[in-house]
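Just below is one structure, and these are the notes that go with it.
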Amino acid sequence: MRESPGTPRPNDTKTDDEATKVHRAETKTKTPVEAKRQGPTLDDIKKDERVKVYIRSANAQTGAIGYTEHGERHANTTADGARFILKSLGHEARRTELGAVAAYLHDMGNVITREKHGQTGALLAKDILLDRGFTLEEVALIMGAIANHEEAEGGLPVSAVSAAVIIADKSDVHRSRVRNPKTTTFDIHDRVNYAATSAEIKVSRREKLITLDLTVDTEVAPLMEYFEIFLSRMMLCRRAAEFLHCQFALVINNTRLL
Ligand SMILES: [Fe+2]
Ligand SMILES: [Fe+2]
């Protein structure tokens, strides 16, 4: 008997993340009331069945090729970070919400392929956003932010929303993203993520400073390993912070390194 097309079998999209505390279905930050009055919000996007299935499938597929968690936990964490950065710097409520939407959707393109997932994700998001009632200008802004988030794909900050998405995405380095259960077979990405026990974005509007404050267990991964894979990401964060008229600081274990 054939299954009806378009209905994914549960096992195709269900990941171990969803069964553990790693899964997080909600953001910690909230949509400002003014942003709700001005149009659809992140909550409307999260209710869309396409968004749910694409992000869960993207997470399952990146897991299948050995990547860390790229599902709803990462989407929510990035949305929180982008919203926090824009709000803390005094951006208007609607732009703050568009930042959260772009951040939530930024890795959805992994449902197609890992390579160029920023660009494919932007195109996938377009129809969903238009169907949900975002204006064409808002869709254009969100597509640009999604397509430009990845340093390995030539991404660069192209708007305040894009800059906030970049910093929020690169800041999500954490033990809970590691899926490989065997520490003896960790690769460098697993080790560095597993070593990070806390990652916090701090914003000082007065000092014009955005700080990524990390706590890293150097017994798990030496700091050199962190820099080996994160230096290019931190350079992009610096450009993104400059776009927001801020400096970028990296603090690891209470020492400022950048
Ligand atoms: Fe990405
Ligand atoms: Fe990401």
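The sequence shown begins at 5 in the numbering used here and counts up one residue at a time.
Just so it is clear, CB atoms sit at the ideal spot from N, CA and C, and this is done for glycine as well.
Excluding residues up to 5 positions away in sequence, Asn-184 and Tyr-198 lie with their Cβ nearer than 7 Å to the Cβ of Phe-190 in the same chain. Residue environment: Glu-73 is assigned as buried (16 or more neighbouring CB atoms within 10 Å of its CB, all protein chains considered).
Between Leu-254 and Met-238, the C-beta spacing is below 9 Å. Excluding the 5 residues flanking it on each side, Thr-215 has same chain C-beta neighbours closer than 8 Å at Ile-205, Lys-206, Val-207, Ser-208, Phe-252, Ala-253, Leu-254 and Val-255, in chain order.
Here the alpha carbon of Arg-181 sits roughly 15 Å from the alpha carbon of Ala-225.
Residue state for Phe-88 is assigned as helix, using DSSP reduced to three classes. Pairing Thr-139 with Lys-130, the inter-Cα distance amounts to about 11 Å. Taking C-beta atoms as the reference points, Thr-219 and Ser-202 count as a pair closer than 9 Å.
By the beta-carbon neighbour count (other beta carbons within 10 angstroms, threshold 16), His-178 is buried.
Here Gly-70 is exposed: its Cβ has fewer than 16 other Cβ atoms, across all protein chains shown, within 10 Å.
In this structure, Gly-43 places its C-beta atom within 9 Å of the C-beta atom of Gly-137. In this structure, Gly-103 has its CB at a distance of at least 8 Å from all heavy atoms of ligand 1. C-alpha of Ala-64 to C-alpha of Val-57: approximately 10 Å in a straight line. Counting C-beta pairs closer than 8 Å gives three or more between the region 153-166 and the region 233-247, which meets the contact rule. Counting other Cβ atoms within 10 Å of its Cβ, Ile-192 stays below 16 and is therefore classed as exposed. Here Ala-97 is not near Ala-172, since their CB atoms are 9 Å or more apart. In this chain, the beta strand (DSSP E) harbouring Lys-206 covers 200-208. Excluding residues up to 5 positions away in sequence, Cys-250, Gln-251 and Ala-253 lie with their Cβ nearer than 7 Å to the Cβ of Leu-213 in the same chain.
Of the candidates Ile-170, Asp-217, Glu-223 and Glu-211, Glu-223 places its Cα closest to the Cα of Val-196. As the crow flies, the alpha-carbon of Ile-150 is around 31 Å from that of Asp-221.
For the pair Gly-75 and Ile-59, the CB atoms are nearer than the 9 Å cut-off.
For Asp-217, the enclosing beta strand (DSSP E) begins and ends at 213-220.
When rounded, the separation of the alpha-carbon atoms in Leu-248 and Tyr-230 is 25 Å.
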